[in-house]
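K.L.:
For the sequence shown, the positions run 555 to 618 when this note's numbering is used. First the structure, then my questions, so here it is.
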Amino acid sequence: MASKKVNINSASKEELMNLRMMGDTRAEYLLENRPYKSWDDVKNKVPSFSDQMIEDLKKSGATI
């Protein structure tokens, strides 16, 4: 688990890409669809993000 929390609403692309399973394309999707109110909001705005991916993001320090 990451020691540093990364808020996906304010993080830079570089910060997002340091999260588990986050590459260039996924980071761009997150950036383009901001802001997010909840993890369900992420799933609704970025359908390619599965429940498992969101759990992995949370475990690696991602927050809303």
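Quick reminder that beta carbons are idealized off the backbone N, C-alpha and C, glycines included. Note that this is a predicted model, so its numbers are computed, not measured.
Please state whether DSSP places A556 in a helix, a strand or coil.
P.N.:
Any reading at A556 must be qualified, since the residue scores a pLDDT of 46, below 50, and its modelled position is unreliable; no value is offered.
K.L.:
Leaving out the 5 sequence neighbours to the left and right, which residues in its chain are closer than 8 Å to L585 when beta-carbon positions are compared?
P.N.:
K567, L570
K.L.:
Check each candidate in S604, Q606, P589 and name the one with the smallest Cα separation from I618.
P.N.:
P589
K.L.:
Mark M575 as exposed unless 16 or more other C-beta atoms lie within 10 angstroms of its C-beta, in which case mark it buried.
P.N.:
When all chains shown are included, M575 counts as exposed.
K.L.:
Out of Q606, D610, N598, N587, which one is the CA nearest neighbour of N563?
P.N.:
N587
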